[in-house]
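One rule links them: number in the numbering used here = place in the sequence shown (from 1) + 1121.
For glycine and all other residues, C-beta sits at the position ideal for the given N, C-alpha and C.
One structure is given below, encoded as structure tokens.
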Amino acid sequence: MANFDVIEASARSRAGKGVARATRREGKVPAVIYGAKQEPALIALDPRIVMKELKRGGWRSRLYEIDVAGDKTRALMRDVSFHPVTDQPEHVDFQRLVAGEPVKVSVAVHFLNEGTSPGLKRGGVLNVVRHKVDVVVDADHIPERFEIDLAKLDINDNVRWHDLQGAEHCKPVITGRDFVIATIAPPLVSAEQLAAEAAAAAAAAAAKGGKKAPAKK
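Spelled out as structure tokens, the structure:
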């Protein structure tokens, strides 16, 4: 069963920019819960709670239960608007969830065991093609994140959609191919290394060319 993080909120009676500004002056963040063919619910949030969730990461696929004086609504946090100067949250959009109905979400990808990957230990570079993947999934089975185990991956190995852990109930938005998530690329060679190798090769060639031919008997 899916886990929901509870957020307490208070109700707002009216919509509009003026009312939203008044809500901010009271030290709250105005928000709305929309979707599921219901009227939007206007609410206000504690800004500290909003910032806490944003700093956790993965908030776009985290499941929330919004509690307004005992009236609970399950939802996804879809969008956050920020003040252009202070970067403080100014408005939050939530989408209602209905059990059994599919929803499109963007799920973050986390990489495990980088320290034991043979390819990375030999100097390879983890080239991440997709830090998150858009999927369609039932509201009851939304994963908070996907995981990839790098423990056995060597240089030039790829990680594809079918390798993701936690994607059992998900359908990718990209269809028709087993797309790449990440690769272990060969070690990068710096310009200094190339110059040093070229100089060494030139010196070796010069030394070989400078040797005297053996005297004829």
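The Cβ atoms of E1265 and L1184 lie closer than 9 Å to each other.
Under the three-state reduction of DSSP output, A1320 falls in the helix class. Ranked by Cα distance from A1260, the first of G1191, C1291, D1192 and E1222 is E1222. Counting the other CB atoms within 10 Å of its CB gives S1202 a total below 16, which places it among the exposed residues.
Under the three-state reduction of DSSP, R1177 is assigned to helix.
Per DSSP, V1127 lies in no alpha helix (DSSP H); the unbroken beta strand (DSSP E) holding it starts and ends at D1126 to A1132. Beta-bridge partners of Q1209 (DSSP): none assigned. Check the Cα spacing between L1309 and each of N1277, V1228 and P1210: the tightest is with N1277. Where K1158 is concerned, there is no enclosing beta strand (DSSP E), because DSSP gives it neither an H nor an E. Apart from sequence neighbours up to five positions away, the residues of its chain that approach H1212 with a beta-carbon distance below 6 Å are P1151 and S1202, ordered along the chain. Contact annotation: I1269 and D1284 have beta-carbon atoms nearer than 9 Å.
The straight-line gap separating the alpha-carbon atoms of V1153 and L1274 is approximately 45 Å.
G1240 counts as buried, since at least 16 other C-beta atoms from the protein chains shown sit within 10 angstroms of its C-beta. For S1182, the closest of C1291, V1301, I1263 and A1320 by C-alpha to C-alpha distance is I1263.
When secondary structure is reduced to three states using DSSP, L1271 falls in the coil class, being assigned neither helix nor strand. When the Cα atoms are used, R1243 and V1301 turn out to be separated by approximately 22 Å. Closest in C-alpha terms to E1289, from the list V1258, I1305, T1296 and A1306, comes V1258.
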